[in-house]
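The structure appears below as structure tokens.
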Amino acid sequence: HHSTAPEYHCLITMFIKKDTRKIPEILTDATRRASAPPSSPNPANDSNDESKRDIVKEMRFARRAPEFLPSCGVSALLLPPKYRPALDNLIQLSLYDCGLQTLAGIENSFDEGATPLFPQLTSLDIGRNPKLKNDSLPSTFYTQFPQLTQLWSDDCSFGPNIPSTLLDLQKLQVVRMTGNRLEGELEDGIGIRYWKMLKVLALDGNKLTSIGRGLGKLKYLEKIQMRGNELTSLPEGVPSRENSSLVMMGLSSNKLSALPDSLVEVGATLRELYVNGNKIDELPEGLAEKLVALKNFNLAHNSLGQGDSATVGSQSSTSEDGDVIMEDADSNAPGTRQLPRDFVDRFGMPEPLTGQCTKEDCCVVRMEGNPMAELIRKKYLEEEKRKAKAKVAAMEAEVIE
Numbered sequence: 281h282h283s284t285a286p287e288y289h290c291l292i293t294m295f296i297k298k299d300t301r302k303i304p305e306i307l308t309d310a311t312r313r314a315s316a317p318p319s320s321p322n323p324a325n326d327s328n329d330e331s332k333r334d335i336v337k338e339m340r341f342a343r344r345a346p347e348f349l350p351s352c353g354v355s356a357l358l359l360p361p362k363y364r365p366a367l368d369n370l371i372q373l374s375l376y377d378c379g380l381q382t383l384a385g386i387e388n389s390f391d392e393g394a395t396p397l398f399p400q401l402t403s404l405d406i407g408r409n410p411k412l413k414n415d416s417l418p419s420t421f422y423t424q425f426p427q428l429t430q431l432w433s434d435d436c437s438f439g440p441n442i443p444s445t446l447l448d449l450q451k452l453q454v455v456r457m458t459g460n461r462l463e464g465e466l467e468d469g470i471g472i473r474y475w476k477m478l479k480v481l482a483l484d485g486n487k488l489t490s491i492g493r494g495l496g497k498l499k500y501l502e503k504i505q506m507r508g509n510e511l512t513s514l515p516e517g518v519p520s521r522e523n524s525s526l527v528m529m530g531l532s533s534n535k536l537s538a539l540p541d542s543l544v545e546v547g548a549t550l551r552e553l554y555v556n557g558n559k560i561d562e563l564p565e566g567l568a569e570k571l572v573a574l575k576n577f578n579l580a581h582n583s584l585g586q587g588d589s590a591t592v593g594s595q596s597s598t599s600e601d602g603d604v605i606m607e608d609a610d611s612n613a614p615g616t617r618q619l620p621r622d623f624v625d626r627f628g629m630p631e632p633l634t635g636q637c638t639k640e641d642c643c644v645v646r647m648e649g650n651p652m653a654e655l656i657r658k659k660y661l662e663e664e665k666r667k668a669k670a671k672v673a674a675m676e677a678e679v680i681e
């Protein structure tokens with residue numbers, strides 16, 4: 281149900297048919313299976329009916345809002361003591377798009393020796409429940425998921441800060457909280473006190489204005505997605521050499537005016553860098569030279585070349601086949617100062633029609649929508665128009681002769 285589901289979701293679940301039974305019936309069946317006596321020592325004596333033997337480890341209750349009425353929420357439906365054997369075995373649970381308003385009941389009972397409600401659960405999806413807010417979660421919610429590694433909570437209403445009980449889920453590796461109501465500075469303890477095991481952090485579509493330096497401490501972090509926020513800069517040290525697993529950064533549609541110099545410290549691993557739709561007007565010297573693993577670099581619709589009256593387009597000539605030929609790619613020449621020499625040496629200048637730099641086969645660099653690329657395009661089209669007129673004039677002259 282997630283259009284951007286990463287590889288961490290088991291592909292096999294894509295082909296599971298929806299269970300048409302009501303939730304109590306599903307839980308009763310799962311409880312019966314969990315309570316059944318173990319298989320006999322002789323496999324030949326086992327029942328051939330797999331439904332009587334297999335313990336249920338995954339429950340997908342997505343899009344069942346009619347069953348989760350306010351008067352009959354999570355607590356009343358899932359948590360009656362008679363269903364405890366079923367919950368004990370769960371590894372994956374989806375409550376996606378169920379009209380949930382509260383998760384009250386998923387909390388510490390304070391009974392002496394009480395075990396967590398979901399002792400083995402590793403993946404929880406509570407996405408697209410827009411009425412879920414910070415106060416919808418009990419303060420001891422985290423105590424009921426000691427093994428949780430994946431939390432999907434896209435399109436809820438958490439904010440302006442990440443709920444503290446979610447920060448206390450110490451084993452999380454994948455956190456998706458896109459399209460919520462997070463604002464201001466992202467919790468700076470992430471990576472220092474909280475979520476030290478993170479591999480994927482997706483917070484697209486919020487209103488975050490800054491992120492803490494703790495993200496630079498996450499040695500397992502592979503992907504960070506912060507698209508569509510209000511970030512004006514990244515703190516020094518994000519990313520850092522401690523982010524030794526980082527392969528992707530999605531920072532498009534923010535308000536960044538520059539890229540951090542520390543990007544070079546993840547040059548050996550970073551394969552995808554998306555910073556399109558920002559206000560970047562220059563690139564760090566040496567960046568292209570150090571980002572040796574880069575495969576996708578999207579710089580489209582930024583401000584590179586802003587304010588240049590004489591640009592690189594005015595210093596080029598056009599060959600007979602229409603290619604723009606650089607006569608002087610010196611980094612101090614007018615119009616090239618926004619592109620460091622190592623960038624031009626590796627990727628080349630933007631193609632006139634596509635705005636892409638195509639000099640290196642294994643890395644796509646997109647620059648369309650930048651003033652520099654637009655001016656190169658304009659100069660190219662003007663030159664093509666001039667050549668076409670000259671060709672027509674020459675043909676007319678031949679006719680007259």
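So in my numbering the end of the sequence shown lands on 681, straight run, no missing numbers.
Glycine included, every Cβ here is placed at the ideal spot set by N, Cα and C.
- Less than 8 Å separates the beta-carbon of LEU478 from that of LEU498.
- Here the alpha carbons of ARG456 and ARG493 stand approximately 20 Å from one another.
- Remark: C-beta atoms of PHE425 and LEU404 approach each other more closely than 8 Å.
- Per DSSP, LYS503 is not a residue of any alpha helix (DSSP H); the beta strand (DSSP E) it occupies stretches across 503-505.
- Assignment of CYS637 by DSSP, reduced to helix, strand and coil, places it in the strand class.
- CA-to-CA, the gap between LEU417 and LYS639 works out to about 52 Å.
- DSSP places LEU543 within a helical segment (H, G or I) once states are collapsed to three.
- Rounded to whole angstroms, the separation of the alpha carbons of LEU526 and ALA548 is 9 Å.
- If you draw a straight line from the Cα of ILE406 to the Cα of ASN576, it is about 32 Å long.
- Listed in chain order, the non-local C-beta contacts of PRO350 below 8 Å within the same chain comprise GLN381, local neighbours out to five positions each way being set aside.
- When DSSP states are grouped into helix, strand and coil, TYR554 belongs to the strand group.
- Along the segment 422-461, the beta strand (DSSP E) occurs as fully enclosed runs of 3 or more residues at 430-432 and 454-456, listed in sequence order.
- Within the same chain, Cβ atoms closer than 6 Å to the Cβ of PRO540 are found at LEU514, the five residues on either side in sequence being excluded.
- Among the bridge pairs identified by DSSP, LYS487 is matched with GLU463.
- Annotation for GLN453: TYR288, THR429, GLN430, MET477, LEU478, LYS479, VAL480 and TYR500 place their beta carbon closer than 8 Å to its own, counting only its chain and skipping 5 residues before and after.
- Using a 10 angstroms sphere on the CB of VAL546, the tally of other CB atoms reaches 16 or more, which defines it as buried.
- Shown here for GLN505: same chain residues with a beta carbon closer than 6 Å to its own, the five before and five after excluded, namely ALA482, ASP484 and GLY530 in chain order.
- By DSSP's assignment, ASP405 forms a beta bridge with SER374 and TRP432.
- In the DSSP assignment, LEU481 is bridged to VAL455 and ILE504.
- In this structure, the straight-line span from the alpha carbon of ASN388 to that of GLU465 is close to 30 Å.
- Rounded to whole angstroms, the separation of the alpha carbons of LEU579 and GLU467 is 28 Å.
- With respect to the 8 Å criterion, MET652 and GLY585 are classified as neighbours on the basis of their beta carbons.
- Here SER542 is near SER520, since their CB atoms are less than 8 Å apart.
- By the CB criterion at 8 Å, MET629 and CYS642 fall outside the cutoff.
- Annotated three-state conformation of PHE398 is coil, per DSSP.
- The shortest CA-to-CA distance from THR634 to any of LYS669, GLU569 and ARG646 is the one to ARG646.
- The residues LYS499 and THR549, in chain order, have a CB closer than 7 Å to that of SER524 in the same chain once the five nearest residues on each side in sequence are set aside.
- In this chain, the beta strand (DSSP E) harbouring GLU338 covers 338-340.
- Residues of the same chain with a CB within less than 8 Å of the CB of LYS535, apart from the 5 flanking positions on each side, are GLU510, LEU511, THR512, ASN558 and LYS559 in chain order.
- In the three-state scheme derived from DSSP, where H, G and I count as helix and E and B as strand, MET528 is classed as strand.
- Judged by DSSP in its simplified three-state form, PHE577 adopts strand.
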